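*Asks:* Got a structure for you, written out below as structure tokens; questions coming shortly.
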Amino acid sequence: MGIELVEGRDLVVKDHFVYMKTTNGLKRVDVIYRRVDDEFLDPLEFNAASSLGVAGIMASYRKGNVVIVNAPGTGIADDKAIYIFVPNMIKYYLNEEPILKNIVTYQLAKPDEFKHVAENIKDMVIKKTDGSGGYGMLMGHEASEKEIKDYLKTVKKNPSNFIAQPILRLSTAPCCIDGKLSPRCIDLRPFALSGRDGIDITPGGLTRVALKKGSLVVNSSQGGGSKDTWVIQ
Numbered sequence: 006m007g008i009e010l011v012e013g014r015d016l017v018v019k020d021h022f023v024y025m026k027t028t029n030g031l032k033r034v035d036v037i038y039r040r041v042d043d044e045f046l047d048p049l050e051f052n053a054a055s056s057l058g059v060a061g062i063m064a065s066y067r068k069g070n071v072v073i074v075n076a077p078g079t080g081i082a083d084d085k086a087i088y089i090f091v092p093n094m095i096k097y098y099l100n101e102e103p104i105l106k107n108i109v110t111y112q113l114a115k116p117d118e119f120k121h122v123a124e125n126i127k128d129m130v131i132k133k134t135d136g137s138g139g140y141g142m143l144m145g146h147e148a149s150e151k152e153i154k155d156y157l158k159t160v161k162k163n164p165s166n167f168i169a170q171p172i173l174r175l176s177t178a179p180c181c182i183d184g185k186l187s188p189r190c191i192d193l194r195p196f197a198l199s200g201r202d203g204i205d206i207t208p209g210g211l212t213r214v215a216l217k218k219g220s221l222v223v224n225s226s227q228g229g230g231s232k233d234t235w236v237i238q
């Protein structure tokens with residue numbers, strides 16, 4: 006793609022401009038495609054202990070000297086509390102009907118929905134609205150009675166911070182485990198590219214795999230793995 010892959014320590018801000026360190030000196034940076042969460046983006050303005058971001062980058066951004074994609078603040082779209090409203094957002098902002106259906110999602114701040122989830126907890130996964138990486142969630146079919154009781158007690162303290170969804174069964178693929186082929190649950194993330202002529206779906210994508218036998222959790226932070234996936238014709 007002709008894009009440099011860098012870490013925060015590879016960049017520096019001077020006079021409100023962002024530069025990349027190279028063997029030939031500093032090189033001006035105009036656009037940054039970021040993978041770092043807002044909290045760690047600039048230690049001068051957010052988490053002072055962060056070594057992932059670039060000191061002063063927010064000042065450069067505010068002055069219009071660098072474009073950051075995704076822009077700071079857009080992480081709100083990752084909040085799971087927003088998910089249930091996506092169909093209405095599509096209708097309102099795009100004046101279109103959603104093509105794909107949402108997964109059924111329960112707002113636990115609503116007493117009737119909380120009651121339904123609690124009564125069917127073995128078929129549910131409960132997630133923190135601001136959670137990511139598979140942390141802090143309850144997989145009902147795997148949890149003990151005590152774990153369920155303790156988790157629901159936590160939910161009741163601030164139910165608006167949680168959502169619940171039915172557990173979806175993932176497809177499996179043969180994986181090489183300890184030298185033998187064994188089925189593991191996977192999910193496929195295809196890549197959709199938007200351009201002047203419309204949207205193109207690439208012949209491949211990223212497959213995430215739950216390496217633990219029987220697990221439905223594919224997050225790498227929870228022991229999952231990932232592989233490039235190609236469609237060969």
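Residue numbers for the sequence shown follow my numbering, beginning at 6 and rising by one. Beta carbons are placed, not taken as given, at the ideal position from N, Cα and C, and that holds for glycine. Since we're looking at a predicted model, the values are computed, not measured.
1. For S65, does the count of other Cβ atoms within 10 angstroms reach 16, so buried, or fall short, so exposed?
2. Does the Cβ-Cβ distance between I108 and E101 come in under 9 Å?
3. What residue range is occupied by the uninterrupted alpha helix (DSSP H) comprising S65?
4. Name the residue from L49, V36, A60 and N52 whose alpha carbon lies nearest to the alpha carbon of K19.
5. Helix, strand or coil: which one does DSSP assign to K217?
6. Could you give the distance in angstroms between the alpha-carbon of N70 and the alpha-carbon of V23?
7. Residues in the same chain with beta-carbon distance under 6 Å from I89, minus the five sequence neighbours each way, listed in chain order, please.
8. Give every residue of the same chain whose Cβ lies closer than 6 Å to the Cβ of G13, excluding the five residues on either side of it in the sequence, and list them in chain order.
9. So, helix, strand or coil for K106, using DSSP?
10. So, with DSSP's three-state summary, where would you put Y24?
11. Under DSSP, the beta strand (DSSP E) around A129 begins and ends at which residues?
12. Just the C-alpha distance for D35 and V11, rounded to the nearest angstrom, thanks.
13. Roughly how far, in whole angstroms, is the beta-carbon of V122 from the beta-carbon of A169, given that I think they are within contact range, below 8 Å?
14. Who pairs with A148 in a beta bridge, going by DSSP?
15. Can you list, in chain order, the residues of its chain with a C-beta nearer than 7 Å to that of R33? Leave out the 5 residues immediately preceding and following it.
*Replies:* Working from what's here:
1. Here residue 65 corresponds to residue number 60 of the sequence shown, with the count starting at 1. By the 10 Å Cβ count, S65 comes out buried.
2. For the purposes of this step, residue 108 is taken as the residue at position 103 of the sequence shown. For the purposes of this step, residue 101 is taken as the residue at position 96 of the sequence shown. Between I108 and E101, the C-beta spacing is not below 9 Å.
3. As a position in the sequence shown, residue 65 is number 60, starting the count at 1. Where S65 is concerned, the enclosing alpha helix (DSSP H) stretches over I62 to R67.
4. Here residue 19 corresponds to residue number 14 of the sequence shown, with the count starting at 1. Considering only L49, V36, A60 and N52, the residue with the shortest C-alpha distance to K19 is A60.
5. For this step, residue 217 is matched to residue 212 along the sequence shown. The three-state reading of DSSP puts K217 in coil, since its state is none of H, G, I, E or B.
6. Locating residue 70 in the sequence shown gives position 65, where the first residue counts as 1. Locating residue 23 in the sequence shown gives position 18, where the first residue counts as 1. Cα atoms of N70 and V23: separation of roughly 8 Å, rounded to the nearest angstrom.
7. Reading the sequence shown from its first residue, position 84 is the one you call residue 89. These residues qualify, in order along the chain: T110.
8. Start at 1 with the first residue of the sequence shown, and residue 13 comes out as number 8. Excluding five sequence positions before and after G13, the CB atoms of its chain that fall closer than 6 Å to its own CB belong to L57, G58 and V59, given in chain order.
9. Residue mapping note: residue 106 aligns to position 101 of the sequence shown, counting from 1. Residue state, collapsed to three classes: coil.
10. As a working mapping, residue 24 is identified with position 19 in the sequence shown. In this structure, Y24 counts as strand in the three-state DSSP scheme.
11. In the sequence shown, the residue the question calls residue 129 occupies position 124. The residue you asked about is not Ala; residue 129 is Met in the sequence shown. For M129, the uninterrupted beta strand (DSSP E) segment begins and ends at M129 to K133.
12. Reading the sequence shown from its first residue, position 30 is the one you call residue 35. Reading the sequence shown from its first residue, position 6 is the one you call residue 11. Using only the alpha carbons, I get a separation of about 14 Å.
13. For the purposes of this step, residue 122 is taken as the residue at position 117 of the sequence shown. For the purposes of this step, residue 169 is taken as the residue at position 164 of the sequence shown. So it is a contact: roughly 4 Å between Cβ atoms.
14. Translated into the one-based positions of the sequence shown, residue 148 becomes position 143. Answer is none; A148 lacks a bridge partner.
15. Taking the first residue of the sequence shown as position 1, residue 33 is located at position 28. Around R33: F22 and Y24.
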